[in-house]
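Count the sequence shown with numbering that gives the first Met the number 0 and you get residues 0 to 343, in order. Each residue gets a CB set at the ideal place from its N, CA and C atoms; glycine is no exception.
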Amino acid sequence: MSFKVVVTFYVPGAVPTYDELLTELGAEVEKTLCTTEEELISACSEADAVIAVGIRITPGYVFSPKVIENLHKCRLIALTSIGYDNVDIAAATEKGICVANVPYYCLEEVSDHAMALILACARKFYQLLPDIKNGKWSTQAEYLSALKPLHRLSGQTLGLIGFGNIARTLVPKAKVFGFRVIAYAPHVPSILFKTLKVEAVELDQLLKESDFVSMHTALTSATKHMMGLQQFKKMKPAAYFINTARGELVDEKALYTALSQGLITGAGLDVLNSEPPSPDNPLLKLDNVLITGHSAYYSEESREELFKRPWEEVVIVLQGEWPHSLVNPQVKERFGVKWGAHPK
Numbered sequence: 000m001s002f003k004v005v006v007t008f009y010v011p012g013a014v015p016t017y018d019e020l021l022t023e024l025g026a027e028v029e030k031t032l033c034t035t036e037e038e039l040i041s042a043c044s045e046a047d048a049v050i051a052v053g054i055r056i057t058p059g060y061v062f063s064p065k066v067i068e069n070l071h072k073c074r075l076i077a078l079t080s081i082g083y084d085n086v087d088i089a090a091a092t093e094k095g096i097c098v099a100n101v102p103y104y105c106l107e108e109v110s111d112h113a114m115a116l117i118l119a120c121a122r123k124f125y126q127l128l129p130d131i132k133n134g135k136w137s138t139q140a141e142y143l144s145a146l147k148p149l150h151r152l153s154g155q156t157l158g159l160i161g162f163g164n165i166a167r168t169l170v171p172k173a174k175v176f177g178f179r180v181i182a183y184a185p186h187v188p189s190i191l192f193k194t195l196k197v198e199a200v201e202l203d204q205l206l207k208e209s210d211f212v213s214m215h216t217a218l219t220s221a222t223k224h225m226m227g228l229q230q231f232k233k234m235k236p237a238a239y240f241i242n243t244a245r246g247e248l249v250d251e252k253a254l255y256t257a258l259s260q261g262l263i264t265g266a267g268l269d270v271l272n273s274e275p276p277s278p279d280n281p282l283l284k285l286d287n288v289l290i291t292g293h294s295a296y297y298s299e300e301s302r303e304e305l306f307k308r309p310w311e312e313v314v315i316v317l318q319g320e321w322p323h324s325l326v327n328p329q330v331k332e333r334f335g336v337k338w339g340a341h342p343k
């Protein structure tokens, strides 16, 4: 039996592929560059499996109900990401299509990056670096006065919104610096908090007590823009906001207001609502913001994990087994109805 596998956003040299894993299956691999729903439908309508590269590369690059309805043979959408907000999971499940992500990749990289942003904000690198280039130096009394206040990290509170794999990887790194760590994640079992000696709190308490608020939750319809003006008003004026998760968790207009009006002191952002941002995005013009261009995930090691795992998941599913990282386990009830047999 011959299979067709479509890679949806292939850029030669930028996206590594592992076609050799599919050779023994006799699969045909088609590499495309889709940026709209119509292009996804045209490329993937007869695919047995889809490897979806990237997350919302363009507004139209989304596996919407319309796209999924036109995937006539597809058994698997394998994502090159932890997040899956560019796939309508309910529609895929109803259609009998498995969705798989890469849940354990870049844990070290993103947690390192979050810690780096925390440190950079705490030591006011956003002010120091441009000032040094403009001739100011820390021995000048006037300059030191402008940096005030700076506080040691030991004893400060780090609040994590979300307590998944990345957040839990960050905890021991933060504790090395003496942070007290609290977290808001109402659906996470209490044993995970106890194991890492992290206090579970409500969101309002986290916002009021934290010196640094770091986002680590998934983007869903319920969490979109969960950080709005009312939430920023509850934070300490001396606090910093860190986001290495998803840009759309934050109302950017509210964040701009909070930063420009002194509701909070600064922010370290790896992700934005729209990427790349418009040149007139007001956040780009603020002096108290560090923006790192959605690079937190990257290392040579994580890049291999990111791209190799989806190819492996395709092999597994086309051989008649469930993917290791199944996002929608409810699909098991529909899979047999559509395909006439359940995977092993």
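Are A244 and A217 close, meaning C-beta to C-beta below 9 angstroms?
Cβ atoms of A244 and A217: closer than 9 angstroms.
Find out if the Cβ-Cβ distance for the pair L282, Y255 is shorter than 9 angstroms.
Yes, Cβ-Cβ distance for L282 and Y255 is below 9 angstroms.
Based on Cα-Cα distance, which residue from S259, Q230, P64, T264 lies nearest to L248?
Nearest of S259, Q230, P64, T264 to L248, Cα basis: Q230.
Looking at the secondary structure, which residues open and close the alpha helix (DSSP H) in which Y142 lies?
Its alpha helix (DSSP H) spans residues 140-146.
Counting only runs that start and end within the stretch 172-199, where is the alpha helix (DSSP H) found for 4 or more residues in a row?
With a minimum length of 4 residues, the continuous alpha helix (DSSP H) runs that stay inside the stretch 172-199 are 189-195.
Of all the options S213, N327, V175, L24, which has the alpha carbon lying nearest to the alpha carbon of A184?
Of S213, N327, V175, L24, the residue nearest in Cα terms is S213.
Within this structure, are the beta carbons of F306 and V14 separated by less than 9 angstroms?
Yes. Within cutoff.
What is the residue span of the alpha helix (DSSP H) that F314 lies within?
In the sequence as displayed, the identity of residue 314 is Val instead of Phe. 299-317 is the span of the alpha helix (DSSP H), which, as asked, contains V314.
Measuring only the C-alpha atoms, how far is D47 from K147?
Rounded to the nearest angstrom, the two C-alpha atoms are 60 angstroms apart.
Return the chain-ordered list of same chain residues with a C-beta closer than 7 angstroms to the C-beta of L285, the five sequence neighbours on each side being excluded.
Hits under 7 angstroms: L258, S259.
What residue range is occupied by the uninterrupted alpha helix (DSSP H) comprising S110?
Per DSSP, S110 belongs to the alpha helix (DSSP H) from 106-121.
What number of angstroms, rounded off, separates the C-alpha of K172 from the C-alpha of M114?
Using only the alpha carbons, I get a separation of about 7 angstroms.
Between which two residues does the beta strand (DSSP E) holding C97 run?
Run containing C97: 97-99, per the beta strand (DSSP E) assignment.
With a 10 Å radius around its C-beta and 16 neighbouring C-beta atoms as the bar for buried, classify R74 as buried or exposed.
Per the 10 Å Cβ criterion, buried.
Where G59 and E36 are concerned, what is the direct C-alpha to C-alpha distance, given to the nearest angstrom?
Using only the alpha carbons, I get a separation of about 6 angstroms.
Buried or exposed: L317, going by 16 or more other Cβ atoms within 10 Å of its Cβ?
Buried, because 16 or more other Cβ atoms sit within 10 Å of the Cβ of L317.
Rounded to the nearest angstrom, what separates S110 and I81 at their Cα positions?
Taking the straight line joining both Cα atoms gives about 14 angstroms.
Quick one: residues in its chain with C-beta nearer than 7 angstroms to the C-beta of G261, no 5 flanking neighbours on either side, listed in chain order?
P236, listed in sequence order.
Considering only residues of the same chain and omitting the five flanking positions on each side of E107, which have a CB-CB separation below 7 angstroms?
These residues qualify, in order along the chain: T168.
Could you give the uninterrupted runs of the alpha helix (DSSP H) lying entirely in the stretch 29-78, keeping only those of 4 residues or more?
Whole alpha helix (DSSP H) segments, 4+ residues: 36-43, 64-68.
Looking at C-alpha atoms only, which residue of W136, V330, E312 is the closest neighbour of N354?
Residue 354 cannot be examined here, being either before or after the span of the chain that is shown, 0 to 343.
What residue range does the beta strand (DSSP E) around S213 cover?
Unbroken beta strand (DSSP E) run through S213: 211-214.
With which residues is E274 paired in a DSSP beta bridge?
In DSSP, E274 forms no bridge with anything.
How long is the line joining the alpha carbons of W367 and A77, rounded to whole angstroms?
Residue 367 is absent from the structure shown; the chain starts at 0 and stops at 343.
Please report whether the beta-carbon of N327 lies at a distance below 9 angstroms from any beta-carbon of chain D.
In summary, chain D is missing from the structure at hand, where a single protein chain is found.
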